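There are 2 protein chains.
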Amino acid sequence: MKIIVPYKKKGGKSRLSPLLSLSEREELAEYMLEDVVATLSKAGLEDVYIVSDEGLNAVLNKIISNSTDPMLIIMPDLPLISIENVLDVTSSNEDVVISPGRGGGTNILFLRDPSTFRVDYHGASFLNHLQIAKDMGLLTRVYESFYASCDIDEVDDLAELIIHGRGKSSQYLNSIGISLQITSGRVHVKREGSKDLIRP
Amino acid sequence: MKIIVPYKKKGGKSRLSPLLSLSEREELAEYMLEDVVATLSKAGLEDVYIVSDEGLNAVLNKIISNSTDPMLIIMPDLPLISIENVLDVTSSNEDVVISPGRGGGTNILFLRDPSTFRVDYHGASFLNHLQIAKDMGLLTRVYESFYASCDIDEVDDLAELIIHGRGKSSQYLNSIGISLQITSGRVHVKREGSKDLIRP
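Structure representation (structure tokens):
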């Protein structure tokens, strides 16, 4: 099974800029990718292709249009995904498995026969992909997982990584002094030495 | 098995006030509770006690200190929880099952022998509860679920309810003109007739 990971190291993760410098964001992105690839490897999936995320839909649709073997498209900013998540998704019997991210995203997409599908990651891609699968008469499973839902894009998302992470990316946050800020309501994050609660 | 649902209808959900009026927030809270109770019922759990959430820790610790039968403590603002979620949690063999919410919360807590535990819902309660279970030598399972992680507290959370909800509370949002606002990045919500993207 081929694993496709759309990835941009340079200049990505701009929504983390209220808290992290450009080089920190790039380092974090790299560590998150390493965490994802390490989990895939532990799940026995080694055939991993990192592709550019510039023109994401075009890049992916070109790849899948020529593929008839099962394929997993997984985002690189899912440092919490577990081996169980990966095994559950890839052992599904359905034609398509969609694992939603927060805010309508598609964090993991499993395609039994990629050539029968086309991706649309713009907007509420979770809904797009459900509709596309329906239009194409494909049997679909929604794989719901908190860990798989946590794409790390915004400052508050870092709290999830600190609380639940066990890989390199959470260690990295710790190493640069990012820690939890316990407040009423949801927990946020702060940087060591900073008195202020940081909100995006 | 007793099910405990800490609930406040009056004046709750204040973080939704950028988008919803007081009466709308109270109605939404009520519909979400109904969705949760309906799912519990479909999972065969009918012994449901709605308790006040004023002084939450004291209320719950008083209840559990006198209970030795398995107990499920579940929050009322989890309209996405599935029958499978409820069955998975309550059929666990561990002493304690903790299902995390976003931002370090504890959305579902299953206690095989409640009298051996005490709750602490302040701050990062997920971490508190892990630590308490460890201190008490209890075998613990983290039950990770996207649906169970989605407590509806903030305006952006409504997007999850619109996208994934199938119960009364998502119908209610639709009935008062709340719909998705598709933008770059995560999807947000808007109110019918409003041109502006509403952010908390």
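Those protein sequence lines, which keep their order, are chains A and B. Numbering-wise, this note's numbering puts 128 at position 128 of the first sequence, and it's gapless, one number per residue. So this note's numbering is basically just the index in the second sequence, starting at one, shifted up by 1000. All C-beta atoms, glycine included, are put in the ideal place defined by N, C-alpha and C. Model, not experiment: these values are computed from the prediction.
In the three-state reduction of the DSSP assignment, His122 (chain A) falls in the coil class, being assigned neither a helical nor a strand state. For the 9 Å CB-CB criterion, Pro1079 (chain B) and Val1119 (chain B) do not form a contact. For Phe1110 (chain B), the secondary structure class from DSSP, reduced to helix, strand or coil, is strand. Of all C-beta pairs linking the region 1066-1086 of chain B to the region 1146-1165 of chain B, three or more are shorter than 8 Å, placing the two stretches in contact. Remark: C-beta atoms of Glu1160 (chain B) and Arg186 (chain A) do not approach each other more closely than 9 Å.
Val36 (chain A) does not reach chain B, its nearest Cβ partner there being about 16 Å away, counting only Cβ pairs nearer than 7 Å. By the Cβ neighbour-count rule, Glu154 (chain A) is buried, with 16 or more other Cβ atoms within 10 Å of its own. Within chain A, Phe146, Ile163, His164 have C-beta atoms less than 8 Å from the C-beta of Pro1100 (chain B), given in sequence order. Put simply, the backbone Cα of Ile1074 (chain B) is about 27 Å away from that of Leu1180 (chain B). Using a CB distance cut-off of 9 Å, Phe110 (chain A) does not count as an interface residue toward chain B. Collapsing the DSSP output to three states places Ile178 (chain A) in a strand. The beta carbon of Glu192 (chain A) sits no closer than 9 Å to any beta carbon of chain B. Counting along the chain, Arg1191 (chain B) sits inside the beta strand (DSSP E) bounded by residues 1188-1191. For Ile64 (chain A), the enclosing alpha helix (DSSP H) covers residues 56-65.
For Leu1180 (chain B), the neighbours in chain A by C-beta distance under 8 Å run, in chain order, Gly104, Ala124. A Cβ-Cβ separation of about 7 Å places Asp1077 (chain B) in contact with Ala1029 (chain B) under the 8 Å criterion. Secondary structure at Leu1072 (chain B): strand, using DSSP grouped into helix, strand and coil.
In its own chain, leaving out the 5 sequence neighbours on each side, no residue places its CB closer than 6 Å to the CB of Lys1010 (chain B). Taken through DSSP and simplified to helix, strand or coil, Val86 (chain A) comes out as helix. For the set B:Ile1098, B:Leu1158, B:Asp1151, the Cα lying nearest the Cα of Leu1130 (chain B) is the one of B:Ile1098. When 8 Å is used as the limit between beta carbons, Leu127 (chain A) is near these residues of chain B: Ile1163, in chain order.
At a Cβ-Cβ threshold of 9 Å, Tyr1049 (chain B) and Ile1003 (chain B) count as neighbours. The Cβ atoms of Arg1141 (chain B) and Ser1092 (chain B) sit closer than 9 Å to each other. The CB of Arg141 (chain A) never comes closer than 8 Å to any CB in chain B; the least such distance is about 12 Å.
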